[in-house]
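For the protein sequence lines, the chains are D and R, in the order given. In terms of the numbering used here, the first sequence is residues 706 to 1002. In terms of the numbering used here, the second sequence is residues 746 to 1031. By construction, the Cβ of each residue, glycine as well, lies at the ideal position given by its N, Cα and C atoms. Since the structure is predicted, the reported quantities are computational estimates derived from the model, not experimental observations. What follows is a set of notes on a single structure, which appears directly below.
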Amino acid sequence: MSEGGTHTDARLVLARLPRGRGEWVVSWLLAGTAASVVSVFLCILASLLHRGMSGLTLDFLLGVVRDAGRSGGIGPIIVSTLWILGVCLLAALPVGLGTAILLAEFSASDGMLGKVVRISLDVLAGVPSIVFALFGNAFFCIYLGFGFSILAGGMTLACMVLPFWIRAAELSLRAVPNDYRLAAAALGMSRHRLITRILLPTAAPGLLAGLVLVVGRALSETAPLLLTSGYVTRMPGSVYDSGRSLAVHIYDLSMNVPGGEANAASASLVLVVLLVVLNSGMTWLSERFLHGRVLQV
Amino acid sequence: MTTVDRILLWVIRALAAVSGVLVLLVSGFLILGAIPALRHVGATRFLLDPSWHPADPSTRATFGMLPMIVGSLAATLGAIVLVGPIGLASAIYCRFYAPAAVARWYRRIIELLAGIPSVVYGFWGLVFLVPLVMRLRPPGQCLLSGILILTFMILPTMSLIADAALGTVPAEILRGAAALGLGRWTIVRRVAMPACRSGLCTALILSTGRAIGETMVVLMVCGNVARMPRSVMDPVRTLTANIALELAYAQGDHRSALFVTGGLLLVLVLALVLSAELISGGRIHE
């Protein structure tokens, strides 16, 4: 994409212009808006650091939850979060990858199915998270009998992230140059060889960026997990146990536990640092391998 | 085609079919959940009942969700009125005014803000903003706090999409306008913005969709009182917060009524997404 090019171009064109009357007022207003946005960002950061930094110790990260979270750590919470994430990825990745391959590689032979799937995904991507909470609760918890469990929470998250993962995977598969496919066909390579030996390895960095995106989304979701994986703070023994994710823990500490503020701040800090690391990783990957095609939004 | 190829194709088709069926599954269970309440209570009582006491043990359970509909709409409208101009100004600054190095860092910060989970915004609102609003007028957990936090949360989305939309304006047009001797703000206002009007509309509509569907933030800072608000300083409960608060223990018609609200939200958001898609000619995802 020549996006960067036109961008600097537009700026250069406009930057050399003589200033009209009243022009400086606009400039200052715009710069002021930007400055206040940045200051909100700094304010959030400062207030999390101020309240949560001192509580952020190794004991906090590994310890068990005590006194409804006011003291003790977030060890079991992190384990539950990872389990939920694991279930989500195990369900979403294969289904999504298969769908993406169909959309990117078989659109000639399976156009009709592709069209239906695409509409379905567009709709799913717009569904609010609380609606997924209703669905997950009715389908996984009650209809399939999973109850409030890590399994139900992970599956609900899987449904939520599926459209985003598929879009990312399809984009990275489409980014593989067509010459590769033609060369493979000329060599008489079979379809599955082409996919497993050429397309997937070539698209791997983009797929990884998509994976990171999905993990970030799954970690930030709160509302669906509140109503599907539950509140229990014990160390989970199996996927049928209820488990509280990090985001739900932050919610519970700040809303339902008087005096849980300090630990809520520390937990928020853990979550935000995790997400910033993931987010930066994704930006780096997509800039390096997908030519800056943004997968977010 | 070899046998392995054929098997692979069918596996892929099956996986794609799962993705295709998912939306039917979601809407199916939503409708299934909503039917009992629609049959026993009826749509008019949802709007006309005087209060929301759906779990009343006596026979007179009431299902008036108008205060919550108003709460959702007021929070969304308030946030959009603030987010629209601020987000647009932020995007214009980033695209046309900031020096290249500043713009890069600014965009990076906006992306980070977009990545902060809503529960953290909610927590920050609770410990930072709500006490400030409380000093103005108690209780602090009110519509105003909700509007402000929603604004902060949706601002990055609005700014990023509007920025991308402004980036699609061809440089030739801008150069042509500059050659005519127009000033910078005139070009932005009269040339660049009209040229990507559909993109900017899309940004606003998608932001509205996020605001209506958002749960955690409004759940945490709005106070959750299911009563008609008389001013922005009154606590409100939104449709989304209502589901999050009550689904875990709701039974019978009460539970079913929550599915009705879920359906209502879904229809609202989908209508918004659809109109965004129509306006942008199906190009929102690029």
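Given this structure, state the Cα-to-Cα distance separating R/ALA995 from R/ARG790, to the nearest angstrom. 18 Å
Residue interval of the alpha helix (DSSP H) (run including D/ASP764): 763-767
Interfacial residues, the stretch 784-799 of chain D to chain R, with Cβ spacing under 9 Å: PRO799
Which residue's Cα is closest to the Cα of R/ALA828: R/ARG751, R/GLY816, R/VAL756 and R/ILE906? Reading off the sequence shown, one finds Val at residue 828 of chain R, where the question assumed Ala. Of R/ARG751, R/GLY816, R/VAL756 and R/ILE906, the residue nearest in Cα terms is R/ILE906.
Counting pairs of beta carbons, one from the stretch 953-967 of chain R and one from the stretch 1003-1019 of chain R, are three or more of them closer than 8 Å? yes
From the beta carbon of R/ILE814, is the nearest beta carbon of chain D less than 7 Å away? no
Can you have a look at R/ILE1029 and say buried or exposed, based on whether 16 or more other CB atoms are within 10 angstroms of its CB? Confidence in R/ILE1029 is poor, its pLDDT being 49 and thus under 50, which makes the residue's placement unreliable; the coordinate value appears in the next sentence. When all chains shown are included, R/ILE1029 counts as buried.
According to DSSP, simplified to helix, strand and coil, what is D/GLY777? strand
Considering just the uninterrupted stretch of the alpha helix (DSSP H) at D/ALA889, what are its terminal residues? 883-891
Cβ contact (3+ pairs, closer than 8 Å) linking the stretch 925-933 of chain D and the stretch 829-840 of chain D: yes
Do the stretch 972-981 of chain D and the stretch 806-823 of chain D make contact, defined as three or more Cβ pairs closer than 8 Å? no
Taking only beta-carbon positions, decide if R/LEU1015 is within less than 7 Å of chain D. yes
For R/LEU1017, the three-state DSSP class (helix, strand or coil): helix
Report all residues from its chain with a CB closer than 7 Å to the CB of R/ALA848; omit the five preceding and five following residues, and keep chain order. CYS839
Inspect the CB distances between the stretch 857-865 of chain D and the stretch 1002-1010 of chain R and report whether three or more fall short of 8 Å. no
How about D/SER947 and D/VAL937: are their beta carbons less than 7 Å apart? yes
In three-state terms, what does DSSP make of D/VAL832? coil
Can you tell me whether D/ARG771 is helix, strand or coil according to DSSP? strand
In its own chain, which residues sit with a C-beta less than 8 Å from the C-beta of D/VAL742, not counting the 5 before and 5 after it? none
In chain R, what lies closer than 9 Å to D/LEU932 by C-beta? ILE988, ALA989, LEU992 and ALA993
Given a cut-off of 7 Å on the beta-carbon distance, is the pair D/GLY774 and D/LEU958 in contact? yes
Is D/ARG949 near D/ILE749, with beta carbons less than 7 Å apart? no
Do the stretch 979-994 of chain R and the stretch 790-801 of chain D make contact, defined as three or more Cβ pairs closer than 8 Å? no
Measuring CA to CA, which of D/LEU878, D/GLY921 and D/SER752 is closest to D/THR907? D/LEU878
When the Cα atoms are used, what is the spatial distance from D/GLY737 to R/ILE932? 20 Å
Note down, in chain order, each residue of its chain lying with its Cβ closer than 6 Å to the Cβ of D/MET987, except the 5 sequence neighbours on either side. ALA914, VAL917 and LEU918
Alpha helix (DSSP H) containing R/ALA909: first to last residue? 888-912
Can you tell me whether R/GLY891 is buried or exposed? The criterion is at least 16 other CB atoms within 10 Å of its CB, across all chains shown. buried
Could you tell me the alpha carbon to alpha carbon distance between D/LEU826 and R/VAL771, rounded to whole angstroms? 12 Å
Contacts of R/GLY1057 in chain D (Cβ-Cβ under 8 Å): Because chain R is modelled from 746 through 1031, residue 1057 of chain R falls outside the range shown and cannot be assessed.
Does any C-beta atom of chain R lie closer than 7 Å to the C-beta of D/GLU728? yes
Using a threshold of 7 Å, state whether the C-beta atoms of R/MET898 and R/VAL962 are closer than that. yes
Assumed close pair D/LEU648, D/ALA874 - CB separation to whole angstroms, cut-off 8 Å: For residue 648 of chain D there is no data in the structure shown, the boundaries of chain D being 706 and 1002.
Measuring CB to CB, does D/GLY921 end up less than 7 Å from D/LEU983? yes
Closer than 8 Å at the beta carbon, the chain R residues around D/ASP815: ARG758 and ALA761
Any residues in the stretch 935-965 of chain R with a beta carbon nearer than 9 Å to a beta carbon of chain D? Which ones, in chain order? ALA937, LEU951, GLY954, ARG955, ILE957, GLY958, GLU959, THR960, MET961, LEU964 and MET965
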